[in-house]
Amino acid sequence: MKYIPQLSLEDKEKLNSLFKYHASHLVRRRAHMLLLSSEKFSISNIARIYQVHRDTVSNTFGRWKKYGIDGLDDAPRSGRPPSLSEKEEDEAIDFLKKDPRSIKKALIATREKTGKEISQWTMKRIARKKTMRWKRMRKSTKGKRNAVAFQQAKEEIAALQTSEDQGELDLRYFDETGFNLVPEVPYAWQEVGKTISIPSKMSKRINVLAFLSRTQEFDATTVIGRVDSATVVAVFDEFSLTIKKKTVVVIDNASVHTSTRFKQNIKKWEKRGLFLKYLPTYSPELNLIEILWRFIKYKWLDLIAYSSFKKLNEEIQKVLEGIGSKYQITFA
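Letter by letter, the sequence shown follows residues 2 to 333 in my numbering.
Here it is, written out as structure tokens:
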């Protein structure tokens, strides 16, 4: 066959997982061959990429057609027994979890416990087998926040959403974010042996201050340079003159939102029908507009934006103007 039949979404997900994470390089290679074929790479091209004979690629396709996912594994063969027993492997993983940044410490602890010497490669293979992956850790503010205050705010926002659904009020989420020529680096599909490079250099900052609804009504103001309390007050002043009914704005505790100058205007806005719902500290996931910022930075903003400051400004405006129409998010 020239190409494998079209892959289902489920098969693609399974093959991608095997290609990225399977302990055997042969299984990873076979999974990638199938993915390449689904993208219309010919057998000859795939053979050239992996420097193997065409028959090797063709045999992989044949096993896939006959056995599916199971056809990617090697048949059991004789050889030396595993370095560690199943129980010892579990103990090795426990050692690794105690300090997940250092395989060497886990190797030493495993040797002391079992009397067996294993290599770093073997430890990595065992870790993959136990569904562990080497990936970047994530910063979290959960440990800093007040759990009771967080839960209470979550329930209050849910109540506000219900009131909005019943037509009693409008609910908006407000926040600021910034862009410059030092890009957020996204994941991307890239050819084997090639890496996509994104231009990066220091520049002025384009700040976006915006109100967002769950139905993606979107009001944004862009500011080049510094944003202070006066800037935010001006944005709220303008927005408060456009509302049609009681409107509650979810907002975080950034200093420009809690300054004396900002708070001096709250009563004026309330008379116009605009009320604030402050979030407890360290609770960004309660502000839905944070999701929008991630989509813009990692998905929607064209990579060409980082070629110049003028282009960055143009591309940001394109995205902002398309939110709610061309660019949409489904909030759970």
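Beta carbons: idealized from backbone N, C-alpha and C, even for Gly. Keep in mind that this is a model prediction, so the values were computed, not measured.
Three-state secondary structure (DSSP) of residue i
{"i": "V53", "result": "coil"}
{"i": "E177", "result": "strand"}
{"i": "K247", "result": "coil"}
{"i": "F332", "result": "coil"}
{"i": "M60", "result": "Sequence check: residue 60 is Asn here, not Met. Residue state, collapsed to three classes: helix."}
{"i": "L182", "result": "coil"}
{"i": "A24", "result": "coil"}
{"i": "F310", "result": "helix"}
{"i": "I104", "result": "helix"}
{"i": "I336", "result": "Residue 336 lies beyond the residue range present for the chain, which begins at 2 and ends at 333; the question has no answer from this structure."}
{"i": "N46", "result": "helix"}
{"i": "D303", "result": "coil"}
{"i": "N208", "result": "strand"}
{"i": "D74", "result": "coil"}
{"i": "L321", "result": "helix"}
{"i": "L16", "result": "helix"}
Same chain only: Cβ atoms within 6 Å of residue i, ignoring 5 sequence neighbours per side
{"i": "R78", "result": "Caution applies to R78, whose pLDDT of 49 falls short of 50 and renders its modelled position unreliable; the model cannot decide the point."}
{"i": "L16", "result": "A32, L35, L36"}
{"i": "T115", "result": "E89"}
{"i": "R126", "result": "A24"}
{"i": "K106", "result": "D100"}
Own chain residues within Cβ distance below 7 Å of residue i, not counting five before or after
{"i": "I119", "result": "S84, L85, L108, T111"}
{"i": "I5", "result": "L35, S38, S39, F62, W65"}
{"i": "S284", "result": "R146, F151, A154"}
{"i": "T216", "result": "none"}
{"i": "I70", "result": "K15"}
{"i": "K264", "result": "none"}
Exposure label - residue i; buried when at least 16 CB within 10 Å
{"i": "M34", "result": "buried"}
{"i": "L242", "result": "exposed"}
{"i": "R262", "result": "exposed"}
{"i": "D171", "result": "buried"}
{"i": "M124", "result": "buried"}
{"i": "D253", "result": "buried"}
{"i": "H258", "result": "buried"}
{"i": "R102", "result": "exposed"}
{"i": "W294", "result": "buried"}
{"i": "W135", "result": "exposed"}
{"i": "W270", "result": "buried"}
Option in the options with minimal Cα separation from residue i
{"i": "G72", "options": "A159, L97, K41, R29", "result": "R29"}
{"i": "L280", "options": "V250, L293, I267, W301", "result": "V250"}
{"i": "I207", "options": "I317, E92, L8, N60", "result": "I317"}
{"i": "E87", "options": "F20, A32, K131", "result": "K131"}
{"i": "Q162", "options": "K98, I70, L289, F20", "result": "L289"}
{"i": "Y299", "options": "F276, Y328, T282, E271", "result": "Y328"}
{"i": "F276", "options": "I297, K246, L302, A211", "result": "K246"}
{"i": "V149", "options": "K117, T282, E90, M133", "result": "T282"}
{"i": "H320", "options": "V257, K269, E271, T223", "result": "Per the sequence shown, the amino acid found at residue 320 is Val instead of His. Ranking the options by Cα distance to V320, first place goes to T223."}
Nonlocal neighbours in the same chain, by C-beta distance under 8 Å from residue i, ignoring five residues either side
{"i": "K205", "result": "N181, I225, G226, F310"}
{"i": "R55", "result": "I44, S45, A48"}
{"i": "I305", "result": "K312, E316"}
{"i": "V1", "result": "Residue coverage of the chain in this structure runs from 2 to 333, which leaves residue 1 outside it and unanswerable."}
Which ranges does the beta strand (DSSP E) cover as unbroken runs of at least 3 residues, wholly within the segment 238-300, from first to last along the chain? 248-252, 275-279
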